[in-house]
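Input: a single structure, listed below in structure tokens.
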Amino acid sequence: AIEIAAFMPVDAFKARVDEYIRIVRQSELEAGSSEVLLPGEREFRTAENRRRDGIPMPVTMLTQLEKIARDIGIALAW
Numbered sequence: 001a002i003e004i005a006a007f008m009p010v011d012a013f014k015a016r017v018d019e020y021i022r023i024v025r026q027s028e029l030e031a032g033s034s035e036v037l038l039p040g041e042r043e044f045r046t047a048e049n050r051r052r053d054g055i056p057m058p059v060t061m062l063t064q065l066e067k068i069a070r071d072i073g074i075a076l077a078w
């Protein structure tokens, strides 16, 4: 990690980052896009969705996992 305070006051750094985010968000949209995303934002949203809704899996894989669990005597939580 980088020690921001070694280079500038942390509050000033946070203000600069907030300004950068504001400028990026106000950028003109690319044709067919609905919003401007920051680096890592799509992945962050996906992680939030997975924590809330679970990880999507094909039914065939779930069926295989259930069979394996039965075969070795493990109770599944779903």
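Under the numbering used here, think of the first position of the sequence shown as 1, with each following residue one higher.
Every residue, glycine too, gets a C-beta built ideally from N, C-alpha and C.
Query: Quick one: residues in its chain with C-beta nearer than 7 Å to the C-beta of residue 38, no 5 flanking neighbours on either side, listed in chain order?; Result: 21 and 24
Query: Which residue comes first and which comes last in the alpha helix (DSSP H) that contains residue 61?; Result: 59-72
Query: Could you work out which residue in 27, 51 and 78 is closest to residue 63 when comparing CA atoms only?; Result: 78
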